[in-house]
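Colleague: Here the sequence shown is numbered in our numbering, starting from 12 and rising by one per residue.
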Amino acid sequence: MSKQKGDTIMLSAEDNAMLTQTDPGTPMGELFRRFWMPAMLADELPGADCPPVRLRLLGENLVGFRDTDGNVGVLDAYCPHRGAPLFFGRNEDCGLRCVYHGWKFDVHGACVDIPNVPEGDTYKHKVRIKSYPIIEKAGLIWVYMGIEDKQPPFYQFEWLETPDSHRFMQKLIVNCNYFQSMEGDFDASHAPFLHRTLDNNASNLSARIRENALTYEDVMPTYVLEDTAYGNIFGAVRKQADGNQFVGVTHWIMPCFTTPGASPKVLQMNFRVPVDDEHTMHYRVRYDLNGPLSERELWENRHGGFLFPEVIPGTFTPVANKSNDYRIDRLMQRNYSYTGIKSFPIQDLAMIEDQWGPIADRTREHLVSSDEAIIRVRRNMLKAAKDLEQGIEPPLLHSPEAARVLPDRMVLPPEADVAEALRPHAEARP
Ligand code: FES
Ligand SMILES: [Fe+2]
12 MSKQKGDTIM LSAEDNAMLT QTDPGTPMGE LFRRFWMPAM LADELPGADC PPVRLRLLGE
72 NLVGFRDTDG NVGVLDAYCP HRGAPLFFGR NEDCGLRCVY HGWKFDVHGA CVDIPNVPEG
132 DTYKHKVRIK SYPIIEKAGL IWVYMGIEDK QPPFYQFEWL ETPDSHRFMQ KLIVNCNYFQ
192 SMEGDFDASH APFLHRTLDN NASNLSARIR ENALTYEDVM PTYVLEDTAY GNIFGAVRKQ
252 ADGNQFVGVT HWIMPCFTTP GASPKVLQMN FRVPVDDEHT MHYRVRYDLN GPLSERELWE
312 NRHGGFLFPE VIPGTFTPVA NKSNDYRIDR LMQRNYSYTG IKSFPIQDLA MIEDQWGPIA
372 DRTREHLVSS DEAIIRVRRN MLKAAKDLEQ GIEPPLLHSP EAARVLPDRM VLPPEADVAE
432 ALRPHAEARP
């Protein structure tokens with residue numbers, strides 16, 4: 012899949028296209044369509060018969076609505092009569108009614124009323140609108156957009172079972188391809204540059220950074236990585252001043268879930284859902300498996316502006332965004348932080364939303380040893396898409412329990428074998 016260019020391994024243009032394209036009919040699009048995907052926050056449809064919501068997923072235009080009984084439907088955005096947008100529809104009496112000529116559809120895609128012609132009562136049984144199965148769970152509406160008889164069992168991530176009080180979630184629109192949004196999670200080497208303050212984060216009071224301050228001392232982390240049943244496990248190894256090894260344990264769970272940045276108590280998962288090839292919905296959940304999130308944690312998440320950036324009200328667009336250069340403050344950059352950009356995720360957005368554009372041209376890269384984990388995920392993702400083309404399904408589809416894994420952090424003595432210490436973390440938890 013890759014060829015040598017000088018002393019680096021670069022992706023071919025064909026493989027870069029396969030990696031980044033998820034529209035219907037593309038190999039990666041077919042892979043994504045075999046998995047349950049987060050479609051929206053459950054709060055976006057707050058109650059029965061509430062206004063419908065426009066959705067765009069994997070390059071498909073859709074509409075989501077919650078009917079009179081509280082059930083959610085995800086339908087084609089366009090009415091099958093003559094293609095009017097159902098977003099403007101009337102959500103009433105257990106169905107969404109197109110306001111052009113009154114045709115009405117239920118959450119399963121059945122046409123239940125054609126009121127504008129005498130043949131409507133019989134013809135309605137011949138009309139369907141595309142609809143996708145959904146599962147509402149853990150504050151999210153999940154959708155399955157794949158082949159009907161291939162629908163896999165649902166995920167078994169432990170945070171899915173926690174009460175609402177144990178979780179905090181944010182959704183952000185990211186204006187680039189899903190893969191370059193995700194790559195940063197397998198790139199330990201960027202953190203001590205992009206995300207540092209000029210005093211190694213000693214003065215940064217944000218909860219997460221304070222807990223992780225020691226990860227910023229070694230600017231040349233190395234990776235120990237293994238292929239697993241669910242994707243990959245990574246140990247990012249940083250030398251501490253006393254010679255011990257600080258190991259951050261991260262997972263990539265196929266196709267778009269990652270578990271970065273573990274702190275001792277509050278864990279995190281990221282998921283990057285392709286909207287289309289140039290836009291991504293980035294969901295971030297922070298959770299505590301053992302109890303409600305603390306007041307301090309919630310305050311930091313809601314109002315701190317560092318871990319979760321402020322968004323323009325009523326949107327998923329950060330206030331600091333590409334149109335205003337992410338509100339970079341050059342004085343702050345000179346005196347306080349490496350970037351001069353306030354929020355942690357916004358520091359990433361400033362780097363990823365324009366990597367030679369919204370779809371990075373990976374034939375132009377000069378990869379080095381710190382990019383080893385990224386190279387591995389690209390390879391495994393491409394392999395999964397190519398395997399599926401040959402009819403070989405990812406094993407994870409049929410054994411979602413394999414992905415019951417958690418991020419972690421370990422401090423190991425200088426001579427310890429990191430790969431051995433990593434191994435138990437790749438085993439499914441009970
Ligand atoms: S286009 Fe929707 S009812 Fe005619
Ligand atoms: Fe980052």
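All residues carry an ideal CB built from backbone N, CA and C; glycine is no exception.
Look up R207 in the DSSP assignment and say whether it is helix, strand or coil.
Modeller: Working through the sequence shown from its first residue, we reach residue 207 at position 196. R207: coil per DSSP, three-state reduction.
Colleague: In whole angstroms, what separates the C-alpha of V258 from that of C122?
Modeller: Position 247 of the sequence shown, counting from 1, holds the residue named residue 258. Position 111 of the sequence shown, counting from 1, holds the residue named residue 122. The alpha-carbon atoms of V258 and C122 are separated by roughly 56 Å.
Colleague: Three or more C-beta pairs under 8 Å: does that hold for the stretch 376-389 against the stretch 401-420?
Modeller: No: the two stretches stay apart, fewer than three of their Cβ pairs being nearer than 8 Å.
Colleague: Taking C-beta to C-beta, are T261 and F245 nearer than 8 Å?
Modeller: Position 250 of the sequence shown holds residue 261. Position 234 of the sequence shown holds residue 245. Closer than 8 Å, so yes.
Colleague: Give me the Cα-Cα distance between P266 and F46, rounded to the nearest whole angstrom.
Modeller: As a position in the sequence shown, residue 266 is number 255, starting the count at 1. As a position in the sequence shown, residue 46 is number 35, starting the count at 1. Going by the C-alpha atoms only, they are around 8 Å apart.
Colleague: Give me whichever residues DSSP pairs with Q256 in a beta bridge.
Modeller: Here residue 256 corresponds to residue number 245 of the sequence shown, with the count starting at 1. In the DSSP output, where bridge partners are listed per residue, Q256 has K250 and L423.
Colleague: Quick one: complete beta strand (DSSP E) runs, 3+ long, within the stretch 279-339?
Modeller: Counting only runs of 3 or more, we get 290-298.
Colleague: Whole angstroms are fine: how far does the CA of N301 sit from the CA of L423?
Modeller: Taking the first residue of the sequence shown as position 1, residue 423 is located at position 412. Taking the first residue of the sequence shown as position 1, residue 301 is located at position 290. C-alpha separation (whole angstroms): 25 Å.
Colleague: Got a sec? Which residues, its chain only, sit under 6 Å from V284 by beta carbon, not counting five neighbours each side?
Modeller: Stepping through the sequence shown from its first residue, residue 284 is reached at position 273. Answer for V284: M48, P49 and M292, listed in chain order.
Colleague: Can you confirm whether the stretch 338-346 touches the stretch 155-170 when touching is taken to mean that 3 or more C-beta pairs between the two stretches lie within less than 8 Å?
Modeller: Not touching, per the Cβ criterion.
Colleague: How is Q191 classed by DSSP in three states: helix, strand or coil?
Modeller: Residue 191 sits at position 180 when you count from the first residue of the sequence shown. Q191: helix per DSSP, three-state reduction.
Colleague: Cutting at 7 Å between CB atoms, please list the residues of its own chain near K135, excluding the five before and the five after it.
Modeller: The count along the sequence shown starts at 1 and reaches residue 135 at position 124. Around K135: C122, V123, D124 and I125.
Colleague: Closer than 7 Å: is that where the CB of A202 sits relative to any heavy atom of ligand 2?
Modeller: The residue labelled residue 202 in the question sits at position 191 within the sequence shown. Indeed, a heavy atom of ligand 2 lies less than 7 Å from the Cβ.
Colleague: Looking at W114 and ligand 1, is the gap between the Cβ and the nearest heavy atom below 7 Å?
Modeller: In the sequence shown, residue 114 corresponds to position 103, counting from 1. Yes, the beta carbon of W114 sits closer than 7 Å to at least one heavy atom of ligand 1.
Colleague: How about S348 and L209: are their beta carbons less than 8 Å apart?
Modeller: Within the sequence shown, numbered from 1, the residue matching residue 348 stands at position 337. Within the sequence shown, numbered from 1, the residue matching residue 209 stands at position 198. Taking 8 Å as the Cβ cut-off, S348 and L209 qualify as a contacting pair.
Colleague: With 16 other CB atoms within 10 Å as the buried threshold, where does V230 fall?
Modeller: Your numbering for residue 230 matches position 219 in the sequence shown. Under this definition V230 is an exposed residue.
Colleague: Between which residues of its own chain and E169 is the CB-CB distance below 8 Å, once the five residues before and five after are set aside?
Modeller: Counting from 1 along the sequence shown, the entry for residue 169 is found at position 158. Excluding sequence neighbours, E169 sits near L300, R415, L417 and R440.
Colleague: Using a strict less-than 5 Å threshold between each residue's beta carbon and the heavy atoms of ligand 2, what residues do you get?
Modeller: Qualifying residues come out as G195 and D359.
Colleague: Near L399, what residues of its chain come up, given a Cβ to Cβ distance below 8 Å and the 5 sequence neighbours on each side ignored?
Modeller: Within the sequence shown, residue 399 is the residue found at index 388, counting from 1. Closer than 8 Å at Cβ, skipping near neighbours: P38, E41, L42, R45 and P405.
Colleague: Tell me, which residues are paired with L445 by DSSP?
Modeller: Outside the shown range of the chain (12 to 441) lies residue 445, about which nothing can therefore be said.
Colleague: Use the C-beta contact count for I403: other C-beta atoms within 10 angstroms, 16 or more gives buried, fewer gives exposed.
Modeller: Counted from its first residue, the sequence shown places residue 403 at position 392. Per the 10 Å Cβ criterion, exposed.
Colleague: Does DSSP put S348 in a helix, a strand or coil?
Modeller: Mapped onto the sequence shown, residue 348 falls at position 337. Strand.
Colleague: Spell out the partners DSSP gives M48 in its beta bridges.
Modeller: Residue mapping note: residue 48 aligns to position 37 of the sequence shown, counting from 1. Note: M48 sits in a beta bridge opposite V154.
Colleague: State the start and end residues of the unbroken alpha helix (DSSP H) segment that holds R67.
Modeller: Counting from one through the sequence shown, the residue named residue 67 turns up at place 56. No alpha helix (DSSP H) contains R67, which is instead part of the beta strand (DSSP E) from V64 to L68.
Colleague: Any heavy atom of ligand 1 inside 7 Å of the beta-carbon of C61?
Modeller: Looking up residue 61 in the sequence shown gives position 50. No - ligand 1 has no heavy atom lying nearer than 7 Å to the Cβ of C61.
Colleague: What does a CB cutoff of less than 6 Å around T269 pick up in its chain, not counting 5 residues either side in sequence?
Modeller: By 1-based counting over the sequence shown, the position of residue 269 is 258. Cβ neighbours of T269 beyond the five flanking positions: D196, W263 and N281.
Colleague: Can you tell me the Cα-Cα spacing of L30 and A199, whole angstroms?
Modeller: On the sequence shown, residue 30 is found 19 positions in, with the first residue counted as 1. On the sequence shown, residue 199 is found 188 positions in, with the first residue counted as 1. Going from the Cα of L30 to the Cα of A199 covers about 22 Å.
Colleague: Closest to L183 by C-alpha separation, out of A59, P356 and E438, would be which residue?
Modeller: What you label residue 183 is simply residue 172 of the sequence shown in a count that begins at 1. Comparing Cα positions, the closest option is P356.
Colleague: DSSP on N212, reduced to helix/strand/coil?
Modeller: For the purposes of this step, residue 212 is taken as the residue at position 201 of the sequence shown. It is coil, neither helix nor strand.
Colleague: By the three-class DSSP mapping on this structure, what secondary structure does Y227 have?
Modeller: Counting from one through the sequence shown, the residue named residue 227 turns up at place 216. Three-state DSSP puts Y227 in a helix.
Colleague: Within the same chain, show all residues whose beta-carbon is closer than 7 Å to that of G106, passing over the 5 residues directly before and after it, in chain order.
Modeller: As a first step, residue 106 must be located in the sequence shown, where it is residue number 95. For G106, where only same-chain residues beyond five positions count, the Cβ hits under 7 Å are D78, K115, F116, D117 and V123.
Colleague: Ignore the nearest five residues each way along the sequence and tell me which others in Y227's own chain have a CB closer than 6 Å to its CB.
Modeller: Taking the sequence shown and counting its residues from 1, the one referred to as residue 227 is at position 216. Answer for Y227: P203, R207, N211 and N212, listed in chain order.
Colleague: In the DSSP assignment, what residue or residues form a beta bridge with H262?
Modeller: Residue numbering aside, residue 262 sits at position 251 when the sequence shown is read from its first letter. The partner list for H262 (beta bridge, DSSP) reads I244.
Colleague: Work out the CA separation of T33 and Y294 for me, nearest whole Å.
Modeller: Taking the sequence shown and counting its residues from 1, the one referred to as residue 294 is at position 283. Taking the sequence shown and counting its residues from 1, the one referred to as residue 33 is at position 22. Those two C-alpha atoms are separated by around 18 Å.
Colleague: Check whether the Cβ of A371 lies closer than 7 Å to any heavy atom of ligand 1, and answer yes or no.
Modeller: Here residue 371 is taken as the residue at index 360 of the sequence shown, counted from 1. No, Cβ of A371 sits at least 7 Å from all heavy atoms of ligand 1.
Colleague: Per DSSP, what are the beta-bridge partners of C122 in this structure?
Modeller: Here the question's residue 122 lines up with position 111 in the sequence shown. The partner list for C122 (beta bridge, DSSP) reads F116.
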